[in-house]
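See structure below.
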Amino acid sequence: MEVITEEFCQNLWGSVDCCWAFIPSEGASGGILSIW
3 MEVITEEFCQ NLWGSVDCCW AFIPSEGASG GILSIW
């Protein structure tokens with residue numbers, strides 16, 4: 003994914019009470035998504 007939205011993270015986490023950080027992919031390597 004090139005863009006991660008707040009709504010996507012909240013749905014993935016299962017709650018609106020979360021924070022997240024995202025580093026997009028570059029070339030063939032994947033990106034990183036951290037939710038806490």
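Under our numbering, think of the first position of the sequence shown as 3, with each following residue one higher.
In this text, a Cβ means the ideal position worked out from N, Cα and C, and glycines have one as well.
In this text, all values refer to a predicted model and were calculated from it rather than measured experimentally.
Determine the closest residue to residue i out of the options, with distance taken between C-alpha atoms.
i	options	result
W38	E4, C11 and P26	C11
D19	E28, E8 and I34	E8
S36	V5, N13, L14 and W22	W22
Check whether the Cβ atoms of residue i and residue j lie closer than 8 Å to each other.
i	j	result
G33	F24	yes
Helix, strand or coil: which one does DSSP assign to residue i?
i	result
W22	strand
E4	coil
From the DSSP output, which residues share a beta bridge with residue i?
i	result
L14	Beta-bridge pairing links L14 to no other residue.
I34	I25
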